[in-house]
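Student: Take the sequence shown: its position 79, counted from the start at 1, is 79 in our numbering, and no numbers get skipped.
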Amino acid sequence: MIASSGGAQADGGGRRGAFVVFEGGDGAGKSTQVQLLVEALADRGVPVLRTRQPGGTPLGNALRDLVLHGDPMSARAEALLFAADKAQHVADVIEPALSAGTTVVCDRYVDSSVAYQGAGRGVGADEVERVQDWAVGGLAPDLTVVVDVTPDEGRRRRGQVHDRLEAEGEDFHAAIRTHFLDRAAAHPTRYLVVDGTPDPQAIHARVLERLEADRLIGPAT
1 MIASSGGAQA
11 DGGGRRGAFV
21 VFEGGDGAGK
31 STQVQLLVEA
41 LADRGVPVLR
51 TRQPGGTPLG
61 NALRDLVLHG
71 DPMSARAEAL
81 LFAADKAQHV
91 ADVIEPALSA
101 GTTVVCDRYV
111 DSSVAYQGAG
121 RGVGADEVER
131 VQDWAVGGLA
141 PDLTVVVDVT
151 PDEGRRRRGQ
161 VHDRLEAEGE
171 DFHAAIRTHF
181 LDRAAAHPTR
191 YLVVDGTPDP
201 QAIHARVLER
211 LEADRLIGPA
221 T
């Protein structure tokens, strides 16, 4: 992927916004952490945009419903639909916001497709990553936070309602978790792994600490 967004210059000469992504298995608590970070940044006066994948655009929402709640489809078709969602999302939402100096906080991004379709579905992580990377034009997050819980804990938190991916078996979700952890271990400067079981505020504090250490956000005043 190309260089991440933080610290680069926008077209008008201003500083681009930071790009922060939360990843992890279903039920890990990503959405809670996304909301806590968005609120914290807003309180600090940082222009911030919350978004998600799949979704985030009208096309993305239609694709989200098709993939998660529609008829069964092949693993390759699934990966390509997620790539289409990402291409539209980056073009219409993420890239314009970053160029305007807005910090973008996204619930899932390329790593989810690589983990779910590449590792979980067995299509091949490298192959899926090439397609997804092309779809987003090489845009990489400045920091990816992996919120980690076991598949059993994720299933317990989700309860009895599952979409098509959440309903997959233990081996599927175990392969996804392993991929996230292996990926983060191989690239520690671009990832932060947090245990998803403590109090959400404790997890949030670790995320803020890392963002401040990486100078993606300034200290609280």
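Glycine residues also receive a C-beta, built at the ideal position from the N, C-alpha and C atoms.
#1: Determine, using beta carbons only, whether Ser-112 and Gln-35 come nearer to each other than 9 angstroms.
#2: Is the distance from the Cβ of Gly-120 to the Cβ of Glu-168 below 9 angstroms?
#3: In terms of DSSP beta bridges, what is Arg-50 paired with?
#4: According to the neighbour-count rule (16 or more other Cβ atoms, all chains shown, within 10 Å of its Cβ), is Pro-188 buried or exposed?
#5: With distance defined between alpha-carbon atoms, name the residue in Phe-22, Arg-215, Val-131, Pro-198 nearest to Glu-78.
#6: Comparing C-alpha positions only, which one of Glu-129, Tyr-109, Leu-143 sits nearest to Leu-208?
#7: For Gly-118 versus His-179, is the C-beta spacing smaller than 9 angstroms?
#8: Tell me whether Val-48 is buried or exposed, calling it buried when 16 or more other Cβ atoms sit within 10 Å of its Cβ.
#9: Looking at the strands, I want to know which residues DSSP matches up with Phe-22.
#10: For Ala-220, count neighbouring Cβ atoms within 10 angstroms of its own Cβ and tell me buried if that reaches 16, exposed if not.
#11: From the DSSP output, which residues share a beta bridge with Leu-63?
#12: Since Gly-25 and Gly-122 should fall inside the 8 angstroms C-beta cutoff, what is the C-beta to C-beta distance between them, to a whole number of angstroms?
#13: Is the beta carbon of Val-146 sitting closer than 9 angstroms to the one on Val-104?
#14: Could you tell me the alpha carbon to alpha carbon distance between Arg-108 and Asp-152, rounded to whole angstroms?
#15: DSSP puts Leu-208 in a beta bridge; with which residues?
#16: What residues in its chain sit with their C-beta under 7 angstroms from that of Glu-95, if we drop five residues either side in the sequence?
Tutor: Well, looking at it:
#1: No, they are not a contact pair.
#2: yes
#3: Val-105
#4: exposed
#5: Val-131
#6: Leu-143
#7: Contact: yes.
#8: Its Cβ being crowded by 16 or more others within 10 Å, Val-48 is buried.
#9: According to DSSP, Phe-22 bridges with Asp-107, Val-145.
#10: Label assigned to Ala-220: exposed.
#11: Bridge partners of Leu-63: none, in fact.
#12: Not quite, the Cβ-Cβ distance comes to about 17 angstroms (not below 8 angstroms), so this is no contact.
#13: no
#14: 20 angstroms
#15: BP columns for Leu-208 are empty, so no partner.
#16: Residues Leu-139 of the same chain have their beta carbon placed closer than 7 angstroms to that of Glu-95, with the five preceding and five following residues left out of the count.
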